[in-house]
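Here's the structure, in structure tokens; my notes come after.
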Amino acid sequence: MQLFVTCLVDRFYPGVGDAVVSVLERLGLDVIVPSDQTCCGQPAFNGGFVRDAAAMAKQTIDVLTARPDPVIVPSGSCADMIVNHYPELFQDDEQYGPRARDLAARTFEFSQFLVDVLGVTPPACPDGPRLAYHASCHGLRGLGLRDQPRRVLHAVAGDRACDLPDAEVCCGFGGLFAVKMPAISGAMLDAKLDAIAQSGANAVVATDVSCLMHIGGGLHRRGSPVRVLHIAEVVAGDRRD
Amino acid sequence: MTSAAAFYRRIDDALANTRVRQALASTMTRLADRRTDALASLPDSDALRDQARRIRAHTIAHLDRYLETFATNAEARGCRIHWAPTAADATRIVVEIAREAGITLAVKSKSMVTEEIELNAALEAAGVRVVETDLGEFVVQVGEDRPSHIIAPIVHRRREDVARLFQEKLGARPEEVADVAAITAFARRTLRRDFLQAGMGISGVNMAVADSGSVCLVTNEGNGRLTTTLPRVHVAVMGLERVVPTAADLGVLLQLLARSATGQALSVYTNVISGPRRPAGSGSPNAGEPDGPDAIHVVIVDNGRTKMLDGPLAEMLYCIRCGACLNVCPVYRHIGGHAYGGVYPGPMGAVVSPGQMGLDAWSELPQASSLCGACRDVCPVRIDLPRLLLTLRAQAAERELTPWWLRLGMPLYAAVATRPALYQWLGSMAARVAHGVARGGWVRRLPGPLAGWTASRDFPAPARRSFLQSYEERRGRTERPS
Amino acid sequence: MTPPKDQVLGAIRHSLRRAVLPGAEATPPRTARVAPADRPALLRQFEQALVALTGHVHHAASAGEAADIIAAVAAEHGARTFLSWDGGELGCDGLLEALASRHLTRVAYDLAFDAAQRAGAVPGLGDVILGLTGSDAAIADAGAIVLVSGPGRGRLASLLPPVHVALVSASRIHPTLPDLLADHPELVARGANLVVIAGPSRTADIEMTLTHGVHGPKHLHVILMP
Chain A
436 MQLFVTCLVD
446 RFYPGVGDAV
456 VSVLERLGLD
466 VIVPSDQTCC
476 GQPAFNGGFV
486 RDAAAMAKQT
496 IDVLTARPDP
506 VIVPSGSCAD
516 MIVNHYPELF
526 QDDEQYGPRA
536 RDLAARTFEF
546 SQFLVDVLGV
556 TPPACPDGPR
566 LAYHASCHGL
576 RGLGLRDQPR
586 RVLHAVAGDR
596 ACDLPDAEVC
606 CGFGGLFAVK
616 MPAISGAMLD
626 AKLDAIAQSG
636 ANAVVATDVS
646 CLMHIGGGLH
656 RRGSPVRVLH
666 IAEVVAGDRR
676 D
Chain B
5 MTSAAAFYRR
15 IDDALANTRV
25 RQALASTMTR
35 LADRRTDALA
45 SLPDSDALRD
55 QARRIRAHTI
65 AHLDRYLETF
75 ATNAEARGCR
85 IHWAPTAADA
95 TRIVVEIARE
105 AGITLAVKSK
115 SMVTEEIELN
125 AALEAAGVRV
135 VETDLGEFVV
145 QVGEDRPSHI
155 IAPIVHRRRE
165 DVARLFQEKL
175 GARPEEVADV
185 AAITAFARRT
195 LRRDFLQAGM
205 GISGVNMAVA
215 DSGSVCLVTN
225 EGNGRLTTTL
235 PRVHVAVMGL
245 ERVVPTAADL
255 GVLLQLLARS
265 ATGQALSVYT
275 NVISGPRRPA
285 GSGSPNAGEP
295 DGPDAIHVVI
305 VDNGRTKMLD
315 GPLAEMLYCI
325 RCGACLNVCP
335 VYRHIGGHAY
345 GGVYPGPMGA
355 VVSPGQMGLD
365 AWSELPQASS
375 LCGACRDVCP
385 VRIDLPRLLL
395 TLRAQAAERE
405 LTPWWLRLGM
415 PLYAAVATRP
425 ALYQWLGSMA
435 ARVAHGVARG
445 GWVRRLPGPL
455 AGWTASRDFP
465 APARRSFLQS
475 YEERRGRTER
485 PS
Chain C
8 MTPPKDQVLG
18 AIRHSLRRAV
28 LPGAEATPPR
38 TARVAPADRP
48 ALLRQFEQAL
58 VALTGHVHHA
68 ASAGEAADII
78 AAVAAEHGAR
88 TFLSWDGGEL
98 GCDGLLEALA
108 SRHLTRVAYD
118 LAFDAAQRAG
128 AVPGLGDVIL
138 GLTGSDAAIA
148 DAGAIVLVSG
158 PGRGRLASLL
168 PPVHVALVSA
178 SRIHPTLPDL
188 LADHPELVAR
198 GANLVVIAGP
208 SRTADIEMTL
218 THGVHGPKHL
228 HVILMP
């Protein structure tokens, strides 16, 4: 298996990358981490900078198609980019079109890989913090990840885990949206933070560190003790205190 | 003020109005939940939506043919058909119809396209008093206000606001506006007088039917029926995309329209109009009917629709104006309808305004979205709104209607991200700088254009060593291309 | 100077060359039908749906029974006069005579084609409290009735008065509106107007508070007959 770690995990949450590797190796899989990976190009694509996005996409395709192995991505939105938007970006490209389609067919978000491909249930871990699940939008609606993250979460945490109120409402990150439309992004964040407070959870769990960075930044600004955890960290059983 | 600055101002104003935000949020939640229940009660709502999409897609793909068929058949039923390439053409046509018929008072049933063309102002300038008859639109008109939601136009108004307005502007006595029922009864009495006296009724068209030459109009209040039955002249203003081939197709769309908009199985009044009445014994269609208008004019309006049809935004013309996308949009929930400017708010407005009227004046709207996709989930004809927003963003970037720091920064980022060693090195430099200013691993204020982030949240300092850097060190095993 | 019709159609044809229309097929789509339920089930569904909309459902097997129901509704609302479809259109022979014998007076109207005469005739109708019509169909899932206009089948009877009584034949019930329109497309063009009425007039524009009788009738009574 190849790990496409994603730019945000690589730079801001390397522990999530470690957690993914740890979980996969515990399952007996051989994990390869291509060294020349950088960014899937989603920020450029979402901003309408198609040429720039295509350049980064080609780089990513080159790196990930050097081997035929499936690709695991600890991010619903980056997986969505590769699976749904890469083939579109290169549909008329004779060279990259087939490679994009090939890559799309073997790229999976982390929880999707565990549930749909491996069919494994992570072991239960009854003790630990109360966890509230936030459904990251691109994974949810782009990849259809309605069940998989919840199944993984409940397998590990059982009753300790629940959905946030309005779990499927966007947190307001939206990539550059967070910076270009800060007032609206902030209002959406407030709604999410209120839901978190209402849930009484000790930690918020999601499949995307983009959401977690935004939510975590808001929690920290509010002085809240609630932490943010990536689903791979929950499965790996990390205790970051 | 530039259109962007004006937009940001409207956003700030909207966000500051907590009362309206709460009213809007609870209305939206109620409508969205009712939609969910209403679709769930259908035997197979997914199949129905697929069918609706096929109908709309096929029709738009052959729009010229179906519009022509509609016009021919409507004329055979006695309607006069008018074609209006621009908003100015459309208003001129309606003003001329009013003049020719000696109209001094017109009653109007809500129509978004008449807002597009600013018909009321044109008629008033020509000496025709125009009375809006949907309760919400009537309140908007009396209050000289603007609607804030296409299905619930006065969601931003409290009952007390309306009561006060009726007292101040219409001479209502306090007991006549004491509660919602009284206010409604007052409006009914007031408007009934206008209905009975008006010489012209103006309506929109929810959907025209090509093979019968009919126009269909839906309302809950009954003002649509009164507007199109009592006055002797009926003017129906129609966006040129609002047509379907057959009555059976109309049925499919109607089965979804009210459920998607408000959760009702059907609107209270679904009104299908096939021509004016004709004198008895004339041998024409509709001969001998005892009531209804004597003349019907249908004004087919372009006003930028063919511009939107010309390229990758064409799918937006499938829209049946149900408002379901508004009810689930988290951005709309916070900023409401007025902030969008233009006639159409929410996700569909963010596509229609730039699509029809041009990106130059509207390039900010498609940026006001986190692309969460909730709108696409609920669209009855499955329009891929996020994709259309991305298309508009790409067009904006192409035309350099983007902030300077992105125009510079994005190609730079791409240049770095396609050079892995440089990418890692620059990342480490940035991490060092960040840790220089961070407290406990958090940055409280980001510089320049990134300051928007830290307006409402802290920013985590990047890790000193990236995952790839430490993985390579620890394992010595990252894969190098051979 | 190109005529506006050609301008518009020409602009459409021009745009269609580059229009991106996902899901568009060359052949017109066919409508799939709902599996037909049995009539008693449909009638129950219709009744439930209409009552949920605050409509009223009565049953009658004869003109006399129908007339008694109508007279009771009229008395409840203080109505002595009513607007109505012609006797032959109501679908219940002898009903108008039965109503006359119960001292309910039908108000006839003639909306002339002359503007001034029409303007004179209309306001007087505004005081009538009761309207009586037949119907052409009923729709079970929406609790709705379908009325087609024509000679002797005026629209005002179901529109102006605050109380509308409609006679519905149980044999004309259909599962859904798409089914009705797919099976009977000719209904749409039989008259100048086809209206589908799903309950009394309503609005929730003010604070999302539901009120009835905004512009159309406030009270809808359906009399189901064989």
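Protein chains in written order, with this note's numbering: chain A, 436 to 676; chain B, 5 to 486; chain C, 8 to 233. Don't be surprised by glycine CBs; every beta carbon is placed ideally from N, CA and C. Just so it is clear, the structure is predicted and the values come from calculations on it, not from any experiment.
Check: Kindly list the residues whose CB is nearer than 6 Å to the CB of L394/B, restricted to its own chain and excluding five residues on each side of it in sequence; keep chain order.; Outcome: none
Check: So, with DSSP's three-state summary, where would you put S178/C?; Outcome: helix
Check: Among residues of its own chain, excluding the 5 on either side of C326/B, which ones have a beta-carbon nearer than 7 Å to its beta-carbon?; Outcome: L261, S264, A265, P384
Check: Return the first residue and the last residue of the beta strand (DSSP E) that C220/B is part of.; Outcome: 218-223
Check: Given H110/C, which residues of its chain have a CB within under 8 Å of its CB, disregarding the five upstream and five downstream residues?; Outcome: R87
Check: Could you tell me whether the Cβ atoms of L188/C and A212/B are closer together than 8 Å?; Outcome: no
Check: Is the beta carbon of D198/B less than 8 Å from the beta carbon of R236/B?; Outcome: no
Check: Going by the CB atoms, is the gap between G159/C and E96/C shorter than 8 Å?; Outcome: yes
Check: For L52/B, report the span of its alpha helix (DSSP H) as first-last.; Outcome: 49-65
Check: Taking all protein chains shown into account, decide if S178/C is buried (16 or more other Cβ within 10 angstroms of its Cβ) or exposed.; Outcome: exposed
Check: Under the three-state reduction of DSSP, which class applies to T441/A: helix, strand or coil?; Outcome: coil
Check: Which residues bound the beta strand (DSSP E) around W87/B?; Outcome: 84-88
Check: Tell me the residue span of the alpha helix (DSSP H) that contains F89/C.; Outcome: Taken as a continuous stretch (DSSP letters only), F89/C belongs to no alpha helix (DSSP H), being part of the beta strand (DSSP E) at 88-91.
Check: Along chain C, which residues have their Cβ under 7 Å away from the Cβ of V213/B?; Outcome: V195
Check: Confirm, please, whether the CB-CB distance from C329/B to L410/B is below 8 Å.; Outcome: no
Check: I'd like the span of the beta strand (DSSP E) that includes G292/B, first residue to last.; Outcome: That residue, G292/B, is in no beta strand (DSSP E); it is neither H nor E in DSSP.
Check: May I ask you to list, following chain order, the residues of the stretch 76-105 of chain C that have a beta carbon less than 8 Å from some beta carbon of chain B?; Outcome: none
Check: Measuring alpha carbon to alpha carbon, tell me which residue in A602/A, A667/A, P533/A, G652/A is nearest W446/B.; Outcome: G652/A
Check: Which residues in the same chain have their Cβ closer than 6 Å to the Cβ of L195/B, if we skip the five residues on either side of it in sequence?; Outcome: T137
Check: In this structure, how does DSSP classify V303/B when only helix, strand and coil are distinguished?; Outcome: strand
Check: When the Cα atoms are used, what is the spatial distance from E225/B to V591/A?; Outcome: 53 Å
Check: Residues of chain B with CB under 8 Å from R565/A, in chain order?; Outcome: Ordered by position in chain B, no residue passes the 8 Å Cβ test against R565/A, which lies about 23 Å from the chain.
Check: Helix, strand or coil: which one does DSSP assign to D676/A?; Outcome: Low confidence applies to D676/A: its pLDDT is 37, below 50, so where it sits in the model is not reliable enough to give any reading.
Check: Taking 8 Å as the threshold (C-beta atoms), are T210/C and A185/B in contact?; Outcome: no
Check: Would a check of beta-carbon distances place T233/B closer than 8 Å to chain C?; Outcome: yes
Check: In whole angstroms, what is the alpha-carbon distance linking N210/B and R246/B?; Outcome: 7 Å
Check: Indicate whether at least one CB of chain D lies closer than 8 Å to the CB of A182/B.; Outcome: Of the protein chains in the structure, A, B and C, none is chain D.
Check: Which residues mark the beginning and the end of the beta strand (DSSP E) in which E544/A is found?; Outcome: 542-544
Check: Identify the contact partners of P464/B in chain A, using a Cβ-Cβ distance below 9 Å as the criterion.; Outcome: F447, Y448, M648, G651, G652, H655
Check: Can you list, in chain order, the residues of its chain whose CB lies under 7 Å from that of R674/A, leaving out five sequence neighbours each side?; Outcome: Any reading at R674/A needs caution, since the residue's pLDDT is 48, under 50, leaving its predicted position unreliable; the model's value is listed next. Contacts found: none.
Check: Does the beta carbon of G452/A sit closer than 8 Å to a beta carbon anywhere in chain B?; Outcome: yes
Check: I'd like to know whether the C-beta of R140/B is nearer than 8 Å to at least one C-beta of chain C.; Outcome: The question names Arg, but residue 140/B in the sequence shown is Gly. Judged by the 8 Å Cβ criterion, G140/B is in contact with chain C.
Check: Less than 7 Å between C-beta atoms, sequence neighbours within five positions excluded: which residues of the same chain meet that for H342/B?; Outcome: R14, A18, R150, S152
Check: Out of Y336/B, G359/B, T118/B, which one is the CA nearest neighbour of R397/B?; Outcome: G359/B
Check: Find the nearest neighbour of C379/B within the set R461/A, V614/A, P600/A, C605/A, judged by alpha-carbon distance.; Outcome: C605/A
Check: State yes or no: is the beta carbon of S49/B nearer than 8 Å to at least one beta carbon in chain A?; Outcome: no
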